[in-house]
Amino acid sequence: MAPPASPWSTGGMTTTDAPTTLAARGISKSYGDVRALADVSIDIPRGQSVAIMGPSGSGKSTLLHCLSGILVPDAGVVSLGEDAVSALRDKQRSLLRRRRFGFVFQDGQLLPELPARENVALPLLLGGKSRMEALAAADQWLARLGLAGMEARRPGELSGGQAQRVAIARALVHGPDVVFADEPTGALDQATGHEVMQVLTTTTAMAGSTLVLVTHDDEVAGWCQRLVEIRDAMIHADQPITGGTR
Amino acid sequence: MSVAVNLAPRLAIARIRATRGAGVLDAMAVLAFTISSWLALTVAGGTWMFYRRWSVDGALSDAQWADVAPAYVGLAGFACALLVVPILGLGGGAARLGARGRARRLASLRLIGMTSGEVVRMSVIETIVQAVAGVVLGSVVFAASLPAWQLVAFQQQHIRAGEMLLPWWLWLAVVGALLLLSVASTVVGLQRVSISPLGVARDQSPSKLKAWRLAAVVVLVAGFLIYSRFSSVASLVGLVTTVGFLAVVIGSINLVGPWLLQLVSRPRTRTASVPRLLAARRILDDPRGAWRNVSSLALLGFVAGFVVTMPVTTTGAPSDVYSVSFVRDVQTGVAITLGVGLVLAAMATLMAQASQVFDRAQESVALERMGVPSAVHARVRRSLVLVPLAVALGTSVPLGLLLSTVVATEMDSFPVVGVVMLAVTIALGFLLSLGAAEACRPLQAGVLSQQQRRND
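See the structure below:
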């Protein structure tokens, strides 16, 4: 039997050795008459952590969804390294998200029937790993994130912060190129939110993954290296965060 | 009360207008009430017809049938008793449809200040509106289907159009029972999910079902086997006692069923297959609910198993024209009962799976975003249907066969239906249930393709 994937390895999934840049070129997206993104371009080098901020309705979640292949822009191109994400068919984009991306949502979105370790192991099981390998890797990640002894607990038996750490472990267990986080601390109190951000930024950095995070909270954004501000469907400001935690 | 009365129809209309949303569940609840009231009226109408043929002079064209007319009433009553559970179950299921989604919605209303009493009243009003719509439609379908029954003959006499028409008081009793049950199911269902302003948290490990359930059923079956050796069904008291004992044994399948599902599903969690893992975990999460979805098929399985060697006593020789007709009538009655039961079971499966699609919409969307292929959802649904179905039929058919052979030894008997009908029932049970699960694909696709504009 092959040894379980190290928490800091790619988990055996397909990744390129060269630094992989996530890029958007002139992307636009509308919902009916409402324009959510208008001619947006951005380059995010591998390993960078980027916070996307903006007022309600500015288009920040739409940008994250387009970058992650959840949505296809009406115009423009999204690419990950050499791969044109926005040109892929739905099935191929699903495969790409499964293999090369990790996701952390606002309220974790863990499966309520599965214990923590099976929730974390899910991406590996979907990728064809054996149950034993997948669970071993999941247990390692849970231990790394301070959840040793809680592997058998179900989401309803965890606190909000613990559940979010399980979601982070699930996002990183298969060694993704990019982790997308949509308001990952939105449902948490300030102290727990800081704790979760610390875990999220340090673990993605140590795993060598890119972090793209959507937030409306300055303090949360302060954990990243770069701040992109969206206003009225366009990038209003794009600057490094001085004194960023990562 | 006025808040509930004002709000309930507005919310219902808003849901129905949202074409891709949970409005489908409202339509499905009305459909389920329509089917359950149509079939309830049909089985009641059939029994009423046999009663009238027996009690009204001249109703039977051939007076020779008068002697066995009470037996027809008794057998029709037995079929009614068998079908009453799945019919009421379908009505109750319709009332619980989308309970989780509804609970979330109601929790939001609690947050903005509605009292728990107002929330319950609002849900009851919603259910009553759906049930009344279903009952009206069901009555129309029942009336429209009456001419079709003229193709069927009992007692060497084709059913006449008006024969199955119910008197007003019996119609009222049937639909009243359905309405009452739907209201009761709604109230009990809401208490189970305990609506609080903070929503519904039922994500903790469920307590395991205990093995005493199996022990109780083994004791009951053994008791019946011993009892049947020393009892006689020749007298009315003996017959009633035996049928009563048999009903308790049949009912006990529902006691052991959830435990067996738990037993079968636990080892199935040790798999690397995500669909199988999710299905097994969902069954373990609520084995009673999973069993409830197939309990009517378990009942049918028992009936199908039982009638393979069910004894039918006749007054004349087997070659006698009346005896031959009587046996044929029993076969027709059994086929109709099984057919009605299969339709009910398929509808129950459809409702349960459709309800799950909407109740788990948020999780499904999250999985889809993570890149989980939509085929996984379909495979989970198939597993969720097939595993409980296999356990239900695997338990009930052998039990039916076992008990019927014991009863059969008591009388001079001959098989009413062969293994063909048993095989057809099992095959149809699987096919209809799978079809019901597959019918949820468009609903799942609708949920996944729903592009909600987030607060971005």
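As given, the protein sequences belong to chains A and B, one line each in that order. Each residue of the first sequence is one higher than the one before, counting from 6 in the numbering used here. Each residue of the second sequence is one higher than the one before, counting from 891 in the numbering used here. The beta carbon of each residue, even a glycine, is placed where N, CA and C say it ideally should be. Computed from a predicted model, the values in this text were never measured in an experiment.
The three-state reading of DSSP puts Phe-1120 (chain B) in helix, counting H, G and I together. Your pair Ile-173 (chain A) and Val-109 (chain A) checks out as a contact, with CB atoms roughly 6 Å apart and the cut at 8 Å. If you keep only unbroken alpha helix (DSSP H) runs of at least 4 residues inside the segment 958-1039 of chain B, you get 959-986, 989-1001, 1006-1035. Chain-ordered listing is empty here: chain B has no CB closer than 9 Å to the CB of Gln-53 (chain A), the nearest sitting near 21 Å.
Closer than 8 Å to the CB of Ser-35 (chain A) there is not a single CB belonging to chain B.
With a contact defined as Cβ atoms closer than 8 Å, Val-1198 (chain B) and Val-1309 (chain B) qualify at about 6 Å. Proximity to Lys-1098 (chain B) across B:Leu-996, B:Leu-1060, B:Ser-1155, B:Ala-984 peaks at B:Ser-1155, based on C-alpha coordinates.
By the neighbour-count criterion, in which 16 or more other beta carbons inside 10 Å mark a residue as buried, Val-1139 (chain B) falls on the buried side.
Secondary structure at Thr-1161 (chain B): coil, using DSSP grouped into helix, strand and coil.
Taking 8 Å as the threshold, the shortest C-beta distance from Ser-84 (chain A) to chain B does not fall below it. Here the C-alpha atom of Gln-1252 (chain B) lies approximately 15 Å from the C-alpha atom of Leu-119 (chain A).
The C-beta of Pro-1263 (chain B) comes closer than 8 Å to at least one C-beta of chain A. A Cβ-Cβ contact shorter than 8 Å links Gly-151 (chain A) with Arg-170 (chain A).
Per DSSP, the continuous beta strand (DSSP E) segment holding His-241 (chain A) begins and ends at 239-245. Within the segment 1198-1286 of chain B, no run of beta strand (DSSP E) reaches 3 residues while sitting entirely inside it. Looking from the CA of Leu-1068 (chain B), the closest CA among B:Ala-1023, B:Ala-1038, B:Ala-1106 belongs to B:Ala-1023.
Against chain B, the CB of Leu-100 (chain A) has a partner CB under 8 Å away; the residue lies at that interface.
Arg-231 (chain A) has A:Val-55, A:Pro-245 as its beta-bridge partners, per DSSP. At least 8 Å separates the CB of Ala-186 (chain A) from every CB of chain B. Listed in chain order, the non-local C-beta contacts of Glu-87 (chain A) below 7 Å within the same chain number zero, local neighbours out to five positions each way being set aside. Per DSSP, the beta bridge partners of Ile-32 (chain A) are A:Val-45. Distance from the CA atom of Lys-96 (chain A) to the CA atom of Pro-1263 (chain B), rounded to whole angstroms, is 7 Å. Of all residues in the segment 1134-1162 of chain B, only Thr-1159, Arg-1160, Thr-1161, Ala-1162 come within less than 9 Å of chain A when Cβ atoms are compared, listed by chain position. Per DSSP, reduced to three states, the secondary structure at Arg-105 (chain A) is helical. Taking each of B:Lys-1100, B:Phe-1044, B:Ala-1021, B:Thr-1076 in turn and checking the Cα distance to Val-1064 (chain B), the smallest one comes out for B:Ala-1021. At a cut-off of 8 Å between beta-carbon atoms, Arg-136 (chain A) makes contact with chain B. Ala-186 (chain A): not part of any alpha helix (DSSP H); member of the beta strand (DSSP E) spanning 183-187, first to last residue. With a cut-off of 8 Å on Cβ pairs, the segment 1269-1283 of chain B is in contact with the segment 1322-1334 of chain B, counting three or more such pairs. Contact between the segment 232-241 of chain A and the segment 49-59 of chain A is present: three or more C-beta pairs spanning the two stretches fall below 8 Å. Relative to Val-1010 (chain B), the option among B:Val-1030, B:Ser-1029, B:Ala-985, B:Val-1031 whose CA is nearest is B:Ala-985.
Val-201 (chain A): member of the alpha helix (DSSP H) spanning 195-212, first to last residue.
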